[in-house]
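Peer 1:
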Amino acid sequence: MSESSFHQARPYSLADYGWDEAWQHAFAPHAAAGLIPARLVRAERGSCEAATDSGIIRVETAGATANNEPCTGDWLAVRPAADGHPPLLHAVLERRTALVRSSASRTSHGQILAANVDTVVVTVSLAAPLKHARVERMLALAWESGARPVVVLTKADACADAPQAAAEVAETAPGVKVLVTSVVTGEGLDALAAVLDGTIVLLGPSGAGKSSLGNHLLGEERLATGSVREQDGKGRHTTAWRELLPLPGGGVLLDTPGLRAVGLQDAQDGLEQTFAEIEQLAGNCRFGDCAHATEPGCAVVAAIESGEITQRRLDSYKRLLRENAYAAARAEGRLRAEQKAVRKGITRHQRATYQFRERQQ
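According to the numbering used here, the stretch in the sequence shown is residues 964 to 1324, in order.
#1: Distance check for E1023 and R1275, CA to CA, integer angstroms please.
#2: Could you have a look at D1229 and say whether DSSP puts it in helix, strand or coil?
#3: Suppose the cutoff is 6 angstroms on Cβ atoms and the five residues either side in sequence are ignored; what does the same chain contact list for E1184 look like?
#4: Nearest CA to the CA of L1283: which residue from L1093, V1098, T1086?
#5: Using three-state DSSP, classify R1058 as helix, strand or coil.
#6: In three-state DSSP terms, what is G1198?
#7: Compute the Euclidean distance between the alpha carbons of K1118 and G1151, then round it to the nearest angstrom.
#8: According to DSSP, is D1218 helix, strand or coil?
#9: What's the gap between the Cα of A1014 and the Cα of E984?
#10: Please return the same chain residues whose Cβ sits closer than 7 angstroms to the Cβ of G1196, not counting the five positions on each side in sequence.
#11: Evaluate contact between the stretch 1153 to 1171 and the stretch 1076 to 1087, counting only Cβ atoms and requiring at least three cross-stretch pairs below 8 angstroms.
#12: If I follow the unbroken beta strand (DSSP E) through G1018, where does it start and stop?
#13: Are the beta-carbon atoms belonging to A978 and T1035 less than 8 angstroms from one another?
#14: Just checking, does the stretch 1033 to 1052 make contact with the stretch 996 to 1011 on the three C-beta pairs under 8 angstroms criterion?
#15: Provide the residue(s) that pair with V1113 in DSSP beta bridges, ordered along the chain.
#16: For Q1231, collect the residues of the same chain with a Cβ closer than 7 angstroms to its Cβ; drop the 5 residues on either side in sequence, then sort them by chain order.
#17: Any chance you could list the alpha helix (DSSP H) runs of at least 4 consecutive residues sitting entirely within the stretch 1132 to 1178, in chain order?
#18: Look at the alpha carbon of E1235 and the alpha carbon of Q1243, and state the distance between them as a whole number of angstroms.
#19: Name, in chain order, the residues that DSSP records as bridge partners for L1051.
#20: Would you call V1141 buried or exposed, if buried means 16 or more other Cβ atoms sit within 10 Å of its Cβ?
#21: Return the CA-CA distance between V1278 and V1132, expressed in angstroms with no decimal places.
#22: Which residues does DSSP list as the beta-bridge partners of Q1074?
#23: According to DSSP, which residues form a beta bridge with E1007?
#24: Mind checking F1250: buried by the 16 CB within 10 Å criterion, or exposed?
#25: From which residue to which residue does the alpha helix (DSSP H) around L1102 run?
#26: Just the C-alpha distance for A1245 and S1065, rounded to the nearest angstrom, thanks.
#27: DSSP on R1192, reduced to helix/strand/coil?
#28: Tell me which same chain residues have a C-beta within less than 7 angstroms of the C-beta of Y980, skipping the five on either side of it?
#29: Using only alpha-carbon positions, find the residue among D1252, K1281, N1247 that is nearest to A1266.
#30: Among the residues of its own chain, which have a CB less than 6 angstroms from the CB of G1109, if the five just before and after it don't count?
#31: List the endpoints of the continuous beta strand (DSSP E) containing P992.
#32: List the endpoints of the continuous alpha helix (DSSP H) containing E1240.
#33: Taking E1268 as part of the alpha helix (DSSP H), name the residues at either end of that continuous run.
#34: Give the range of the beta strand (DSSP E) segment to which P1209 is assigned.
#35: In three-state DSSP terms, what is P1000?
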């Protein structure tokens, strides 16, 4: 069991990890079968640490496949230890939300970063130049998950004009609360705590200040922090794994390693919400299939010409749409390949059966 599992200020119950009546209802069939509920707090290869009403236990997950492998935040049905056998994963309860990006290996499978998250905190450092396209990408990921995004601008003490930076970011985040914070001066931290709810995941690149923010929420230095390079504001990965930690004021924090790449995976709804103003304008275009380029009567181009939106914003939207469409095409191609392999397998089996029957005659 990891060292982190022994540093709990008090014995935590499942309720502290987000267990509620809806989860209890969903778990009822498993309870009738003698299984116990648990929430995965840290995943490892072949096993995981999970929170139960009896404390943290290690659960064997070796039977899980790549398609149903549990991740941090999942609720599990666990078969208790018996006859010398350790606790064993029996089932993963259906997820309410899931934060999914395209696989780092560039395969057509998505990678689930966190499950059953209520609030996604998109962290953006004000100690480095703003990258609006990255914010938009992370917001699309957050909206698509089904959770509620909040943009938190960190390290305001290192920014010459934090209000101006916040105004710029707000233009890329319609419908999303944008907060300016500093763990050095305490600016905005009370306002942040007031908007966080349920299971909270910190999302952002290394050096964005996620661990410092997490330590403030936890009320203690539980998460490792590191320095960043002055020339580009990038930092080293100080968080090596995803882990759930109950917050003293209620709720659960899910700390994640910094993301070098955030590829989109089936995020059409998330993109539509991230670029809501463009979607709304597009409804007024003369042509339903308007590409927002040179078509007459394009409401989006007109908005750019009037200064209502920027060309950069539209270019970012189109780029992310192309990326998402490419990921969808890869997934569809993989599915066709899998179906073709199944058909070939059936054909081979039938052929072998016919040949066997012929030899028996």
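From the three backbone atoms N, C-alpha and C, an ideal C-beta is built for every residue, glycine too.
Peer 2: So, from the listed chains and residues:
#1: The C-alpha of R1275 lies about 48 angstroms from the C-alpha of E1023.
#2: Three-state DSSP puts D1229 in coil, outside helix and strand.
#3: The residues are N1178.
#4: From the listed residues L1093, V1098, T1086, the smallest Cα separation to L1283 is found for V1098.
#5: Coil at R1058, not helix or strand.
#6: For G1198, the predicted structure reports a pLDDT of 42, less than 50, and the residue's modelled location is therefore unreliable. A value from the coordinates is still provided. The answer is strand: DSSP assigns G1198 an E or B state.
#7: One C-alpha to the other measures close to 11 angstroms.
#8: In the structure shown, D1218 sits in a strand (DSSP, three-state: E or B).
#9: If you take the alpha carbons of A1014 and E984, they lie about 17 angstroms apart.
#10: Residue placement at G1196 is flagged as unreliable, the pLDDT there being 46, under the threshold of 50; the coordinate-derived value follows with that caveat. These residues qualify, in order along the chain: S1088, A1090, A1091, G1170.
#11: With the rule of 3 Cβ pairs closer than 8 angstroms, the stretch 1153 to 1171 counts as touching the stretch 1076 to 1087.
#12: Note, G1018: beta strand (DSSP E), 1018 to 1023.
#13: Contact: no.
#14: Touching, yes.
#15: V1113 is bridged by DSSP to V1084, K1140.
#16: Once the five neighbours on either side are set aside, the close Cβ partners of Q1231 are N1287.
#17: The stretch 1132 to 1178 contains these whole alpha helix (DSSP H) runs: 1152 to 1158.
#18: One C-alpha to the other measures close to 9 angstroms.
#19: Per the DSSP secondary-structure output, L1051 pairs in a beta bridge with E1023, R1042.
#20: It is buried - the Cβ of V1141 has at least 16 other Cβ atoms within 10 Å.
#21: Note on residue identity: the sequence assigns Asp, not Val, to residue 1278. Taking the straight line from one Cα to the other gives about 16 angstroms.
#22: Paired residue(s): R1064.
#23: Answer is S1010, bridged to E1007.
#24: Counting every other CB atom within 10 Å of its CB across the protein chains shown gives F1250 a total below 16, marking it as exposed.
#25: Residues 1095 to 1108.
#26: Roughly 27 angstroms separates the two Cα atoms.
#27: Model confidence at R1192 stands at a pLDDT of 45, short of 50, so the residue's coordinates are unreliable; what they give is reported in the following sentence. Correct three-state label for R1192: coil.
#28: Residues of the same chain with a CB within less than 7 angstroms of the CB of Y980, apart from the 5 flanking positions on each side, are R1002, A1014, L1207, P1209, V1215 in chain order.
#29: Per the Cα distances, N1247.
#30: Excluding sequence neighbours, G1109 sits near T1060.
#31: Here P992 belongs to no beta strand (DSSP E); instead the alpha helix (DSSP H) covers 984 to 995.
#32: For E1240, the enclosing alpha helix (DSSP H) begins and ends at 1239 to 1245.
#33: From DSSP, the alpha helix (DSSP H) with E1268 extends over 1262 to 1269.
#34: If you look at P1209, you'll find it in the beta strand (DSSP E) that goes 1206 to 1209.
#35: Reduced to three states, the DSSP call for P1000 is strand.
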